[in-house]
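Numbering (UniProt numbering), first residue to last: 1 to 195.
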Amino acid sequence: QMGKTRVIAETGAGQHGVATATACALLGLECIIYMGAVDTARQALNVARMRLLGATVVSVEAGSKTLKDAINEAFRDWVTNADNTYYCFGTAAGPHPFPLMVRDFQRIIGMEARAQILDQAGRLPDAVTACVGGGSNAIGVFHAFIDDPAVRLVGFEAAGDGVETGRHAATFTGGSPGAFQGSFSYLLQDEDGQT
């Protein structure tokens with residue numbers, strides 16, 4: 001109905017890429033997944049899954065070769081091919097309404113977790129934990145508990161070689177507020193605001 005014949009997406013660990021490739025295979029749509037070269041090497045199994053499903057996986061060699069650069073390349077593709085391309089954004093980043101769309105799609109995780117803990121334990125949990133990474137897992141599970149002040153929400157970040165070294169991905173621990181890809185968030189950036 002939208003007139004789109006191809007779907008693009010970005011992925012870090014690969015789960016969003018596999019999910020998008022699966023949907024495209026079922027619908028007979030061309031699928032291009034952008035993934036940083038570092039992530040492509042780390043997540044070879046998910047890359048193989050995407051390719052088995054018929055997706056073209058583009059290993060992004062620019063910049064830090066991670067999710068940030070995969071998003072940049074996906075945006076470049078999208079603005080060049082907007083007439084026939086749908087961008088299935090899977091990261092809690094970018095301009096409005098993308099973070100809200102990601103939250104709304106990912107909140108199923110939180111709704112299921114909330115229902116299951118209430119069913120099995122008869123109460124809410126003391127804490128809910130999630131990896132932060134691109135933010136989709138955390139925004140999805142935390143959304144179901146955000147209005148429950150008694151439930152601690154704990155996000156885990158990649159510490160790399162240690163937060164004190166500067167070689168890490170811990171944006172909340174070692175980052176500062178800034179603008180990136182149309183959103184205002186905590187970022188790892190230099191004194192000039194470069195990420």
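We put the beta carbon where it would ideally sit given N, CA and C, even for glycine.
List the DSSP bridge partners of residue i.
{"i": "Gly-193", "result": "Its beta-bridge partners do not exist; DSSP assigns none."}
With a threshold of 8 Å between beta-carbons, can residue i be considered close to chain B, or not?
{"i": "Gly-63", "result": "In the structure shown, chain B does not exist; there is a single protein chain."}
Report, in whole angstroms, the separation of the C-beta atoms of residue i and residue j, which I expect to be a contact under 8 Å.
{"i": "Leu-89", "j": "Val-79", "result": "Note that residue 89 corresponds to Phe in the displayed sequence, not to Leu. With 8 Å as the limit, Phe-89 and Val-79 do not qualify as a contact, their Cβ atoms being about 13 Å apart."}
{"i": "Ala-70", "j": "Val-60", "result": "5 Å"}
{"i": "Thr-91", "j": "Gly-122", "result": "Thr-91 to Gly-122, Cβ: 35 Å. No contact."}
{"i": "Ile-32", "j": "Asp-83", "result": "At roughly 15 Å, the Cβ-Cβ gap does not stay under 8 Å, so Ile-32 and Asp-83 are not in contact."}
{"i": "Gly-54", "j": "Ala-19", "result": "Not quite, the Cβ-Cβ distance comes to about 14 Å (not below 8 Å), so this is no contact."}
{"i": "Thr-11", "j": "Leu-29", "result": "About 17 Å separates the two Cβ atoms, so there is no contact after all."}
Any heavy atom of the ligand NAD closer than 7 Å to the CB of residue i?
{"i": "Ser-176", "result": "This structure lacks the ligand NAD, and indeed carries no ligand of any kind."}
Between the C-alpha atoms of residue i and residue j, what's the straight-line distance to the nearest angstrom?
{"i": "Val-47", "j": "Ala-62", "result": "18 Å"}
{"i": "Arg-49", "j": "Ile-146", "result": "34 Å"}
{"i": "Val-7", "j": "Tyr-87", "result": "6 Å"}
{"i": "Leu-45", "j": "Pro-95", "result": "31 Å"}
{"i": "Glu-164", "j": "Lys-65", "result": "22 Å"}
{"i": "Ser-176", "j": "Asp-190", "result": "9 Å"}
{"i": "Pro-99", "j": "Thr-22", "result": "22 Å"}
{"i": "Gly-36", "j": "Phe-184", "result": "22 Å"}
Enumerated in chain order, which unbroken segments of the beta strand (DSSP E) with a length of 3 residues or greater are wholly contained in the UniProt domain "Tryptophan synthase beta chain-like PALP" (3-160)?
6-10, 30-36, 56-60, 85-87, 127-131, 152-156
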